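Per numbering that gives the first Met the number 0, the very first residue in the sequence shown carries number 0; after that it's consecutive. Let me begin by presenting the structure, written as structure tokens, before commenting on it.
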Amino acid sequence: MNDFLYEELLNKEYHRNKEAEAMAYNQATHINKSKVTILIYWLLSKLGVVFENIGCKMRVRYEGLATQNQRNAIPSLAK
């Protein structure tokens, strides 16, 4: 076998190994990213539920005051 063919075979093997390493790395990072993404989405959904409950409680608590203030508003003298 001449040197050119031998170098060509070594080069192909090297690239095949690097491609396999890259695919393994990409699969590992996608799994980690997807798990982190799922965790973040889960946390944000729970936080959204908490904020929605707080908002509903505040609405019930202060809705009466807000409507009372609208009815008893002082008329503007600028009219």
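For each residue, glycine too, the CB sits at the ideal point set by N, CA and C. The structure presented is a predicted model; accordingly, all values stated were derived computationally and were not measured.
Check: K34 to E51 span [Cα, whole Å]; Outcome: 26 Å
Check: Three-way DSSP call (helix, strand, coil) for N1 in this model; Outcome: coil
Check: Between the CA atoms of Y40 and L46 - distance to the nearest angstrom; Outcome: 10 Å
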